[in-house]
Structure formats: C-alpha cells, structure tokens
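Participant:
Protein chains: 2
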Amino acid sequence: MNKPAIAIDLGGTKIKIGLVQGNTILAGTAIDAHSGNGLQERLPFVAAAIQALLAQQNLTVTDIAGVGMAVPGIVDSVQKRILSIDKKFGDAPGIDFESWCTNALGLTLAIENDARTALIGEWKFGKAKAVDNVVLITLGTGVGSSAVIEGKLLRGKHFTAGILGGHSVINYKGTVCNCGNTGCVETEAATWSIGAKVKAHPAFAASTLANECLIDFESIFRLANEEDFLAKQMRDESLDVWAACAINLIHAYDPEMVLVSGGIMASSSYIIPYLQQKTDAHAWTPWGKVKIESASYPDAAALLGAGYLVTNE
Amino acid sequence: MNKPAIAIDLGGTKIKIGLVQGNTILAGTAIDAHSGNGLQERLPFVAAAIQALLAQQNLTVTDIAGVGMAVPGIVDSVQKRILSIDKKFGDAPGIDFESWCTNALGLTLAIENDARTALIGEWKFGKAKAVDNVVLITLGTGVGSSAVIEGKLLRGKHFTAGILGGHSVINYKGTVCNCGNTGCVETEAATWSIGAKVKAHPAFAASTLANECLIDFESIFRLANEEDFLAKQMRDESLDVWAACAINLIHAYDPEMVLVSGGIMASSSYIIPYLQQKTDAHAWTPWGKVKIESASYPDAAALLGAGYLVTNE
C-alpha cells in the first residue's frame, strides 16, 4: 500500500483537507475559504490545518506521499500553476504552490482542476471504475465537466480540454454569463445564476418563490413539486439546459457513461431519469445508449482523485 | 514516393473520385450521386468510373495503393462500415464496402468520416501542417467538424468523437433539427435549413429575399450587403450560430487553430474575421488566442486525407 497523501479541495466557501489512501479518506478537516481576501493569505492556515491533522493522526510529513490539490479553475498541471480562476481567488495565478508546499510542509505537489480530480476519483474508485470513456458533469454553484477518452484523462494542449462544459453555449441569444459570453450552461442554470433569473421573471411576485429567503434549486424543486407554476417552469427549463449540456458533452467525447455530481444532485431522483430520457432520445449514438448515473462520491471524489494523482503521476 | 491511391468523396449530389499522391490530385472525375436511390446501385458506376480514370492515366490496379473513402456520416473505420448516414443513402449501413473493393477492384479499403479526412488533408498538407491541436468546421449543406488533439485524430470509442459539432445544441429552445433534437447548429444555420427559416419569418414577403429563386447563404450575404433588413438579420444570426459552434468546439478540444471550410465559405472574407473577433472575445483561452483561418483545400482536402489514410494507416 502506498503512503497516504494529503488532498486539498479548494472550494469557494470551504477548503477541505483529507488524509487519503486509495479509495479511503482516513481523516479530514476543513477551514473557511474567505475567498474574497484571495488565497495567499489563507495558505498559512491551510498548512497549519494540515499539520494539525497529521498530529491528530500521530503522523509526520515523512509518513506522507505528497500533497494533491483540486482547484476550481484552469490549472497547468505541469508547471503547477493556476492559469485562470474566479475573481474571488484573484491572486491565485501569481502563487507558486510548489514552493509553498516544499517550504511550508516539505512535500511534493500535484495540482489539477477539481472536475478532473473528481472524475479521477470516480474512474479509479467509483461507478466509472474500468470505464475508459466517461464524462463527469458537476451541477452546483457553477457547472463543471471533465472527460476520460479511451482510457486517458483529457487535458489538452493548454489544459482547458474537457473542463469547460459549463461554458458550452446552449442558448446563443440568451443571458450574458459572468465569463462575458452569452447563453452558457452556467448562466442559464446554475446556483450562482438561478436566483437572479427567477427574480427577473415577470411572474415572480405571483409565485410562492417570492416567499423564499433563498432561491436555489432546493426551493425550486420543492415548490415545483407543490405545483407552483414558476418553480415548475424554472425546474423544467433548467433540466433542458442540463440535458443540452449532457448531449453536447456526449457528442464531443463519445462516452459510454455520464456521471452527474454536485450540490444540485439532492434532486437526483428527478434529474437523472430526465437526463437519461433526453439523451436516449436526442444524443446521436448509433452504437447504443449512454448510461447517465449519479456519482459514487459526490463529496469526496475530488479529494480521492487528488490523492490518486500524488501517488500515480 | 508511395504508390498513388484512389480517393472517393461521397457527397449527396456528386461522388468525386481522385487519383491522389501525397498532396497532389493527379487526376479526378465525378459521377452523380442520385442519392435518393441509395448507394448500392451506384457502386458499379463508381467502380466503372475508377476503371475509366485508371485507363485514362495508363494505370492498372497494380499501380494503386488502395481505395480511401470519405463519407458524410458516422463510420466504423476498423470494421469498415457506415454506422449512420443521412436517409438519402439509407442502404449504406448494410453495405460491405471492403468486399466490394476487393471484388470490383482488387484493392484494399480505408473508410472514414469526411470531416475527419478533410482535417487530415489540412493537417498533413495544408494550413494545419505541424499543428497538433486543430479543429475543422465545415459550413455547407450541413455543418461538420473534426478534431486533432495532441497530435492524434480524435475518433472516440464509438467513432463519433469530434464529428458532431453540427449537432452541438446552441439554442435549446430553438428549431427542431432533422436529427430530432432541438436547436442544433445545423438546424439554426446551414444550407439545408436556412431557406425554410427565412420563408417562415413574418417579414419575408417584405424582403428582397422573396424575389430570389434560391435562398441560400450566397443570396443572404449578397442582399445583406445591399442592406436588405431580413438578409442582414439572417446573416448576423447565422454568424452568431457559427461563432457559438466555434466556441463550443474550442472549449471542447483546446485547439491552437480552427480551420473553416465548406460551400458557405464563398463569403469567407466576412465570416473569418467575425469568427475571429467573437472567439477572441468569448472563448475561454487564458493561454492566448485561437487562430481562425479558412482551409487551404476547401474542395480537395477530403480526397487528400482519404488518400493519406490508404498509405499511412
């Protein structure tokens, strides 16, 4: 058995840290991201949390294979730099994470986009085990994606291949996205965008959604279930957006399986059958049907994949 | 120098046949496709045209390396079968082309999707020479695509990867496509669909487009240039559809270059700068800008690529 790795999942709200060995998270902790203040000032706290986690487990850095970091942005996994990330972590492209890892912890670093590490987790340890052609879609604050084609994780020349499914244009006359383009999947149906979309609807005041403190997909699916007309419309439009996203990814990468993960998947019992039915009907796959499934490790896959990269790349 | 190959470009109107050696078409001919009658009944005429071409060049089949066939559909290049194709050639999936090639000509066969062979032609002999990450878009009767990623032609597990860019959903509430899905690139802006779209517009009768015998992109670009309001609207919407298509393909495959080819490219002086400007502004490429260029061999690339496959795969 390999030594365990330290895996870091850099989220906009929480930075999750796990002690990972194979398919198991032996122990974990988390600290607030305070991402509005940038990432540099959080790194000493990340190092301290890692040291505390090791001490709690009676381990030292000599027991650890290295650090694997999952990042919600475009990552140069060779130079170990973040190339592009949400402005909340605007200072991240300037940070030399490898030096930080060496200096603060005495450990080597692997760094990768978080949708890719999540897919690695599912591909090595979850439902996509032994599936050599698989796409992951994460539906949450944003919409992420990643792809394994013919047994190889797709990265591309400039590290962007596979991970921009949330910025697939599915409504070219639609709403402007925070990326500047029009009609991306994310701007049409993700947690960051749906509240504004609902409130801008002319019928908003007449909907029970107007009584909600927080408009998100939990409230939309719940009130749709109670037959609120606007919640039903927003639910159904969002499902069609995600179906278009899934079809575009199937057409792009020719997978056998699409795994769906992310915060919105609390409503997976509704989402998965809908996506299966739409992709069965409309993805052009003369060989058969692509399996649409919810992910095995919606919370842990990114950590498992980051740990895998430490010991296998 | 390798022996020359016979290349066949199976179009819906014409079946083009070329004697191909490297980047040169030594001689060529074409026969009507009569595609409404299926393909089986055309094969004796294809064989006769090949024999006539060889005789005209004072060659026999022993001088030829083999036959390369470019097909506008989904092709199993290993089993050498057509998996899916427009219903005009509805009998094609049942045809054993390899046996036909052996029996009628005494030659081996390579068979591939035509957008892939066109990209091979551009990649080996044209503007994409030595570019290891490149996407081709063909704008014509339909919209085709193909991709080379990290020096490898993308085929995918079931032979559909890269070639379905024309069925990327860019308008999920839009028009129903002939594939059954809604809002594909093709149904929003291709030669087969644009006439019906123009005629269905409420302002059609008031437009000078109503005086045209044939409504296609030639007439649309021409009358837009003469300030016809509907022609301008249709031109601009079509450009935005193709820009969304290009952005989706850039996001999917992370290329350095996008080549654009196909019949519509008679208006390339207008189309290429527009696509360059839109992808510069809206494709998420933190490393730099993707070059958008018109193809080197808009008419011959598919033949050159099919010939290349014969002698190199």
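Sequence lines, in order, name chains A and B. Positions 469 to 781 (my numbering) are the ones given, in order, by the first sequence. Positions 469 to 781 (my numbering) are the ones given, in order, by the second sequence. C-beta atoms are modelled at their ideal positions from N, C-alpha and C, and glycine is treated no differently.
Looking at chain A, is there any beta carbon in it that lies within less than 9 Å of the beta carbon of L622 of chain B?
Facilitator: Chain A contact via Cβ: present.
Participant: Go through its chain and collect everything with a Cβ distance to V535 of chain B's Cβ below 6 Å, but skip five positions before and after it.
Facilitator: For V535 of chain B, where only same-chain residues beyond five positions count, the Cβ hits under 6 Å are I474, C569, L575 and L577.
Participant: Beta-carbon of N601 of chain B versus every beta-carbon of chain A: anything under 9 Å?
Facilitator: Yes, because at least one Cβ of chain A sits closer than 9 Å to the Cβ of N601 of chain B.
Participant: Show which residues of chain A have a CB atom less than 7 Å away from the CB atom of N716 of chain B.
Facilitator: Per Cβ cutoff of 7 Å: S636, V637 and N716.
Participant: My guess is that I732 of chain A and G648 of chain A are in contact by the Cβ rule of under 8 Å, so how many angstroms apart are they, rounded?
Facilitator: Not quite, the Cβ-Cβ distance comes to about 24 Å (not below 8 Å), so this is no contact.
Participant: In chain B, which residues lie less than 8 Å from S552 of chain A when you measure between Cβ atoms?
Facilitator: Result: W752 and P754.
Participant: Please find out if some non-hydrogen atom of the ligand PLP comes closer than 8 Å to the beta-carbon of A774 of chain B.
Facilitator: Looking at this structure, you won't find the ligand PLP or any other ligand, since it has none at all.
Participant: Please report the straight-line C-alpha distance between L727 of chain A and I605 of chain A, rounded to a whole angstrom.
Facilitator: Roughly 6 Å separates the two Cα atoms.
Participant: In chain order, what are the residue ranges of uninterrupted beta strand (DSSP E) at least 3 long that sit wholly in the stretch 586 to 622 of chain B?
Facilitator: The qualifying runs are 602 to 607 and 611 to 617.
Participant: Please state the DSSP three-state secondary structure of A658 of chain B.
Facilitator: A658 of chain B: coil per DSSP, three-state reduction.
Participant: Give the straight-line distance between the Cα atoms of T430 of chain A and V709 of chain B, rounded to the nearest whole angstrom.
Facilitator: Any question about residue 430 of chain A goes unanswered here, given that chain A covers just 469 to 781.
Participant: Between the stretch 672 to 682 of chain B and the stretch 645 to 659 of chain B, are three or more C-beta pairs nearer than 8 Å?
Facilitator: Cβ pair count under 8 Å is below three, so no.
Participant: What are the boundary residues of the beta strand (DSSP E) that S762 of chain B is part of?
Facilitator: Element bounds for S762 of chain B: K759 to S762.
Participant: Once DSSP output is grouped into helix, strand and coil, what is the label at I579 of chain B?
Facilitator: In this structure, I579 of chain B counts as strand in the three-state DSSP scheme.
Participant: Residues of chain B with CB closer than 7 Å to the CB of H626 of chain A, please, in chain order.
Facilitator: Near H626 of chain A (Cβ distances below 7 Å), the residues of chain B are D722, T753 and W755.
Participant: Going by DSSP, which residues form a beta bridge with T726 of chain B?
Facilitator: Per the sequence shown, residue 726 of chain B should be read as Val rather than Thr. V726 of chain B pairs with B:V603 and B:I760.
Participant: Less than 9 Å separating the beta-carbons of L772 of chain B and T585 of chain B?
Facilitator: Yes; because the gap between Cβ atoms is below 9 Å, this pair is in contact.
Participant: Using the Cα positions of Q744 of chain A and I715 of chain A, report the straight-line distance between them to the nearest angstrom.
Facilitator: In a straight line, the C-alpha of Q744 of chain A is about 10 Å away from that of I715 of chain A.
Participant: I'd like to know whether the C-beta of Y776 of chain B is nearer than 9 Å to at least one C-beta of chain A.
Facilitator: For Y776 of chain B, the answer is no, since every Cβ of chain A falls outside 9 Å of its Cβ.
Participant: Applying a beta-carbon distance threshold of less than 7 Å, which residues of chain A neighbour Y640 of chain B?
Facilitator: Per Cβ cutoff of 7 Å: I638, N639, D708, V709 and A712.
Participant: Could you tell me the boundaries of the alpha helix (DSSP H) in which G486 of chain B lies?
Facilitator: No alpha helix (DSSP H) holds G486 of chain B; the beta strand (DSSP E) holding it covers K482 to Q489.
Participant: What residues match up with V644 of chain A in a beta bridge as DSSP calls it?
Facilitator: In the DSSP output, where bridge partners are listed per residue, V644 of chain A has A:T650.
Participant: Going by DSSP in three states, V637 of chain A sits in which element: helix, strand or coil?
Facilitator: V637 of chain A: strand per DSSP, three-state reduction.
Participant: Per DSSP, what are the beta-bridge partners of V543 of chain A in this structure?
Facilitator: In DSSP, V543 of chain A forms a bridge with A:I550.
Participant: What whole-angstrom Cβ distance do A443 of chain B and D582 of chain B have, given they're in contact under 8 Å?
Facilitator: The structure shown does not extend to residue 443 of chain B, since chain B spans only 469 to 781, so no value can be given for it.
Participant: Measure the C-alpha to C-alpha separation of E680 of chain B and E695 of chain B and round it to an integer number of angstroms.
Facilitator: Their backbone Cα atoms lie some 15 Å apart in a straight line.
Participant: Report back the beta-carbon spacing between L551 of chain A and I542 of chain A to the nearest angstrom; my notes put them in contact at under 8 Å.
Facilitator: At roughly 4 Å, the Cβ-Cβ gap stays under 8 Å, so L551 of chain A and I542 of chain A are in contact.
Participant: Residues of chain A with a CB under 9 Å from the CB of A749 of chain B: which are they?
Facilitator: Here the neighbours are G648 and N649.
Participant: Let's test the definition: count the other Cβ atoms within 10 Å of the Cβ of K484 of chain A and tell me whether it reaches 16, buried, or not, exposed.
Facilitator: By the 10 Å Cβ count, K484 of chain A comes out buried.
Participant: Tell me the rounded alpha-carbon separation between T753 of chain B and A712 of chain B.
Facilitator: Going by the C-alpha atoms only, they are around 15 Å apart.
Participant: Strictly by DSSP, which residues pair up with D477 of chain B?
Facilitator: For D477 of chain B, which the question treats as bridged, DSSP gives the partners B:K484 and B:A538.
Participant: For I499 of chain A, list the residues DSSP reports as bridge partners.
Facilitator: A:I483, per the DSSP bridge assignment.
Participant: Applying a beta-carbon distance threshold of less than 8 Å, which residues of chain B neighbour E618 of chain A?
Facilitator: Going along chain B in sequence order, the residues near E618 of chain A (Cβ under 8 Å) are G624 and K625.
Participant: Locate the alpha helix (DSSP H) running through V778 of chain A, then write down its first and last residues.
Facilitator: Here the alpha helix (DSSP H) through V778 of chain A covers A769 to N780.
Participant: Thinking C-alpha only, which one of B:G612, B:N491 and B:G480 is nearest R510 of chain B?
Facilitator: Out of B:G612, B:N491 and B:G480, B:G480 has the C-alpha closest to the C-alpha of R510 of chain B.
Participant: Apart from the five residues just before and just after Y640 of chain A, which ones in its own chain have a Cβ nearer than 7 Å to its Cβ?
Facilitator: T650 and G651.
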